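Numbering (full-length UniProt numbering), first residue to last: 1 to 334.
Glycine residues also receive a C-beta, built at the ideal position from the N, C-alpha and C atoms.
These numbers come from a predicted model, not from an experiment.
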Amino acid sequence: MSHGQTHATHVDLGDPQLSERIGAGMAAVEELLHHEIDRGQDFVKEKVSHLSSAGGKRFRPMMALLASEFGQRPASAEVIKAATVVEMVHVATLYHDDVMDEAERRRGVESANFRWTNSVAILAGDALLAHASRLMSQLDTHTVGHFAETFEELVTGQMRETIGAGEANAVDHYMAVIREKTAVLIASAGYLGAYHSGATSEQAAALRQIGGAIGMIFQIVDDIIDIFSDPKESGKTPGTDLREGVFTLPVLYALEEEGPVGDELRALLTGPLADDASVDHAIDLLRRSGGREKAMDDVRGYLRVVEEQLSVLPECAASEALRQLADYTVRRVG
1 MSHGQTHATH VDLGDPQLSE RIGAGMAAVE ELLHHEIDRG QDFVKEKVSH LSSAGGKRFR
61 PMMALLASEF GQRPASAEVI KAATVVEMVH VATLYHDDVM DEAERRRGVE SANFRWTNSV
121 AILAGDALLA HASRLMSQLD THTVGHFAET FEELVTGQMR ETIGAGEANA VDHYMAVIRE
181 KTAVLIASAG YLGAYHSGAT SEQAAALRQI GGAIGMIFQI VDDIIDIFSD PKESGKTPGT
241 DLREGVFTLP VLYALEEEGP VGDELRALLT GPLADDASVD HAIDLLRRSG GREKAMDDVR
301 GYLRVVEEQL SVLPECAASE ALRQLADYTV RRVG
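Written out as structure tokens, the structure is:
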């Protein structure tokens with residue numbers, strides 16, 4: 001069965017030997033991922049492989065492999081299985097997210113719900129979760145329990161986002177959503193990579209915290225880029241979230257402001273913005289607000305978490321790679 005796009009297995013992490021080891025691990029994850037999803041009937045395999053074949057950075061498996069560098073068994077067979085399970089769960093959530101968001105594109109191709117139907121997309125995600133469950137059963141009961149807790153958090157985050165903030169503080173609600181929907185799975189990758197490599201419990205806990213903090217940084221930085229980036233540099237159309245009526249962290253902070261800018265934003269941002277002029281006006285107001293800087297304060301707070309937890313770990317090529325990964329994410333803001 002064809003797997004579509006070939007994923008790069010070479011990664012540059014600043015240290016040639018580390019990069020080679022992680023690249024080899026990524027290739028092993030890719031091979032196992034496609035071996036597992038090639039099971040079953042052809043009409044199922046076509047749908048289940050749709051997004052995993054289309055692309056993706058495979059960031060979560062890379063996080064697991066980097067975390068495994070702190071144990072005695074880096075990139076062991078158990079680490080590769082755990083990394084593959086994390087990626088399967090991630091891709092399964094993309095199928096379900098696209099249905100809920102009514103998305104038409106994902107990873108440069110038609111979303112499964114757009115190409116087929118919502119029902120097919122939901123079932124494809126469910127099939128991936130079945131594959132992930134089978135693979136994690138080859139590990140240990142601790143891993144199964146860990147994934148059950150992780151998946152509960154993922155579902156909680158999706159439901160929290162769907163229901164909305166209600167009477168809760170909008171910023172607190174949004175931070176909880178991105179922690180549960182995005183950060184928790186990256187945290188899980190860090191923890192399981194360390195755990196299955198034989199790292200100490202203290203090191204595994206630190207890598208879980210690092211993964212979670214990096215996940216929060218990624219999402220908040222994406223929020224900032226969506227509004228404030230130069231489209232020539234980012235390749236993105238500014239204000240995509242505003243057009244969809246999705247108010248991310250910088251916007252929520254700006255909406256809390258007292259004064260003329262906050263007043264005008266509250267009057268303008270009552271739902272999706274239908275025309276370019278309204279989007280441009282909103283972005284201008286947001287640039288004049290303190291929303292961006294407040295969001296960056298949160299990013300810097302999570303960078304401090306990364307640095308604090310790195311102090312628990314031995315200094316090595318992998319710890320420096322994790323530090324640079326967090327720093328690079330922040331530098332994307334410009």
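Tell me whether the beta-carbon of residue i lies closer than 8 Å to the beta-carbon of residue j.
i: Gln309; j: Ile210; result: yes
i: Leu135; j: Thr84; result: yes
i: Val120; j: Lys47; result: yes
i: Pro238; j: Ile220; result: no
i: Glu78; j: His196; result: yes
i: Gly291; j: Ala254; result: yes
i: Ala112; j: Asp98; result: yes
i: Gly193; j: Ala64; result: yes
i: Arg73; j: Gly198; result: yes
i: His50; j: Ala124; result: yes
i: Ile80; j: Leu32; result: yes
Please name the residue in the options whose C-alpha comes closest to that of residue i.
i: Asp327; options: Cys316, Val312, Val299; result: Val299
i: Glu69; options: Ser188, Lys81, Gln203, Thr162; result: Gln203
i: His90; options: Gln138, Ala168, Ala187, Ala176; result: Ala187
i: Leu207; options: Leu129, Leu242, Arg115, Ala318; result: Ala318
i: Phe151; options: Ser49, Glu87, Ser197, Tyr253; result: Glu87
i: Gln158; options: Ala124, Tyr95, Ser133, Val305; result: Tyr95
i: Ile217; options: Thr182, Lys81, Leu65; result: Thr182
i: Glu161; options: Val177, Val333, Glu20; result: Val177
i: Thr200; options: Arg58, Gly71, Ala27; result: Gly71
i: Gly259; options: Leu285, Gly271, Ala170; result: Leu285
i: Arg179; options: Arg323, Leu154, Ala168; result: Leu154
i: Gly215; options: Asn169, Phe114, Ala165, Leu303; result: Leu303
i: His146; options: Gly40, Leu66, Ala82; result: Ala82
i: Ile283; options: Met296, Gly301, Thr248, Pro314; result: Thr248
i: Arg60; options: Arg331, Ala189, Lys45, Gln41; result: Ala189
i: Leu242; options: Asp280, His131, Asp42; result: Asp280
How far does the alpha helix (DSSP H) with residue i in it reach, from first residue to last?
i: Lys294; result: 291 to 310
i: Glu264; result: 260 to 268
i: Thr143; result: 141 to 163
i: Ser133; result: 118 to 136
i: Asp172; result: 170 to 178
i: Gln72; result: Neither: Gln72 is in no alpha helix (DSSP H) and is coded neither H nor E.
i: Arg323; result: 317 to 331
i: Ala67; result: 59 to 68
i: Ala274; result: It is not in any alpha helix (DSSP H) - Ala274 carries neither H nor E in the DSSP assignment.
i: Asp223; result: 201 to 228
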